[in-house]
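Everything on this sheet refers to the single structure shown next.
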Amino acid sequence: MKALIIADNNQLEFVDKEIPIPKDHEVLIKINAVALNHRDQFIREGKYPGISVGTILGSDASGTVLETGKNVDSVWKSKEVLINPNVNWGENSKVQSSNYHILGTPSDGLFCEYVTIDAQKIAEKPAHLSLENAAALPLGGMTAFRALFHHGRCQKGENILISGVGGGVAQFAFQFALAKGANVYVTSSDETKRTKSTELGAKGAFNYKDSNWVKEAKSKSGGFDLAIDSAAGEGINDLIKLMNPAGRIVFYGATQGKTQNLDVHRMFWNQITLQGSTMANDDEFKEMLAYVRKNRIEPIIDSVRPFNEIITAFDKMKAGDQFGKLVISLLSN
Ligand SMILES: NC(=O)c1ccc[n+]([C@@H]2O[C@H](COP(=O)([O-])OP(=O)(O)OC[C@H]3O[C@@H](n4cnc5c(N)ncnc54)[C@H](OP(=O)(O)O)[C@@H]3O)[C@@H](O)[C@H]2O)c1
20 MKALIIADNN QLEFVDKEIP IPKDHEVLIK INAVALNHRD QFIREGKYPG
70 ISVGTILGSD ASGTVLETGK NVDSVWKSKE VLINPNVNWG ENSKVQSSNY
120 HILGTPSDGL FCEYVTIDAQ KIAEKPAHLS LENAAALPLG GMTAFRALFH
170 HGRCQKGENI LISGVGGGVA QFAFQFALAK GANVYVTSSD ETKRTKSTEL
220 GAKGAFNYKD SNWVKEAKSK SGGFDLAIDS AAGEGINDLI KLMNPAGRIV
270 FYGATQGKTQ NLDVHRMFWN QITLQGSTMA NDDEFKEMLA YVRKNRIEPI
320 IDSVRPFNEI ITAFDKMKAG DQFGKLVISL LSN
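For any residue, its number in the working numbering is found by taking its place in the sequence shown, counting from 1, and adding 19.
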């Protein structure tokens, strides 16, 4: 089978591998579609812990179960499924274990034609989604779901700010918050993304690169009860300024690095919470899928391309000009 690995000198390379054989507790899946996350590009750039040459990349995929191991219910056979990319979350639902990681580094991932996986890690694809659209969901959907609901405690009618809505996780946070009935506002550096977001239901869209955006956002929204962010850096202080008293800021990434001068005075006086978040536990994977089913959420897809063009999707991720997920179809493989 064909697989995309990280090779020497941060090169991406297609290799041929044996089709794996499922162990007793596993299923063999024919991959139908995969989707990129920024971590895949970070790995390509050598900016991720635990990189090892020869690893098959990729954390998001949909597929069809071809074979079930001896201890797996054969009812799974022929089902269209999504794969939970968590490895070793562990017993504590509040935090991942010390040997937690995500499929695609350090262990082999899903950018390949066939995979064997623990049957506990699969769930039926939401019926309203195509195989391509469903592949966009797992990692981004899980991360957004935990940030927004577990930590963010997002409520109907609250004012919520999703920063950098062009991001793969941010788009899900945006859609999930809209489905909850919150008043959702977004930021984006890209005018097209701001326009699309308002068309999709955002009450306001601001350019975080404009020097005036904080004032504009405050005057338009009146302030926010919750902000979901992955940039961190000095921008956290802008979010702190924009929070209503007792507001919550949840961040799941730090693309802009450390915050050098955290506005601690405004934080304590206004009783602001700053909460870190990462991926989601195995139960939340299923809860997220149930939420997507119930609200018939359709992931925003930037583009779908064939497997042999996957490297152009990495290039697009690097340029950051996509709005929505970069999906790769293996349906014709
Ligand atoms: N903790 C976890 O489990 C977890 C899971 C997934 C991702 N992450 C992390 O979260 C970050 C985003 O990941 P992703 O896959 O969503 O990446 P992505 O799809 O490449 O999105 C990145 C987005 O960040 C936005 N951005 C850039 N600079 C910004 C700033 N100064 N203020 C606000 N937004 C800014 C941009 O939005 P616009 O284009 O709209 O301007 C950009 O599209 C990465 O650091 C990633 O490692 C963490």
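Each residue gets a CB set at the ideal place from its N, CA and C atoms; glycine is no exception.
Extent of the continuous beta strand (DSSP E) to which residue i belongs
i           : result
residue 133 : 133-137
residue 302 : Residue 302 -> not in any beta strand (DSSP E); alpha helix (DSSP H) instead, spanning 301-313.
residue 143 : 141-143
residue 206 : 202-206
residue 183 : No beta strand (DSSP E) holds residue 183; DSSP gives it neither H nor E.
residue 294 : 292-295
residue 266 : 262-270
residue 224 : 223-225
residue 324 : 320-325
Beta-carbon proximity of residue i to residue j, cut-off 8 angstroms
i           : j           : result
residue 248 : residue 233 : no
residue 52  : residue 346 : yes
residue 92  : residue 56  : no
residue 81  : residue 99  : yes
residue 120 : residue 134 : no
residue 129 : residue 85  : no
residue 353 : residue 219 : The shown model of the chain, from 20 to 352, leaves out residue 353, and the question about it has no answer.
residue 353 : residue 242 : Outside the shown range of the chain, which is 20 to 352, sits residue 353, and nothing can be said about it.
residue 170 : residue 269 : yes
residue 245 : residue 319 : no
residue 41  : residue 101 : no
residue 201 : residue 175 : yes
residue 296 : residue 165 : yes
residue 54  : residue 344 : yes
residue 43  : residue 90  : yes
residue 45  : residue 138 : yes
residue 159 : residue 59  : no
residue 185 : residue 342 : yes
Contact test: residue i Cβ vs ligand 1 heavy atom, cutoff 7 angstroms
i           : result
residue 215 : no
residue 56  : yes
residue 36  : no
residue 184 : yes
residue 336 : yes
residue 133 : no
residue 209 : yes
residue 112 : no
residue 249 : yes
residue 274 : yes
residue 243 : no
residue 204 : no
residue 332 : no
residue 297 : yes
residue 212 : yes
residue 187 : yes
residue 167 : no
residue 119 : no
residue 124 : no
residue 162 : yes
residue 339 : yes
residue 227 : yes
residue 271 : yes
residue 258 : no
residue 193 : no
residue 158 : yes
residue 33  : no
For residue i, the first and last residue of its enclosing alpha helix (DSSP H)
i           : result
residue 249 : Neither: residue 249 is in no alpha helix (DSSP H) and is coded neither H nor E.
residue 285 : 283-288
residue 216 : 210-219
residue 157 : 157-164
residue 334 : 329-338
residue 344 : Premise fails: residue 344 lies in the beta strand (DSSP E), 344-348, not in any alpha helix (DSSP H).
residue 233 : 232-240
residue 187 : 187-199
residue 154 : 150-154
Any non-hydrogen atom of ligand 2 closer than 7 angstroms to residue i Cβ
i          : result
residue 69 : Summarising the ligand content, the structure contains ligand 1 and does not contain ligand 2.
Complete runs of the alpha helix (DSSP H) confined to the region 21-103 [at least 4 residues] = 57-63
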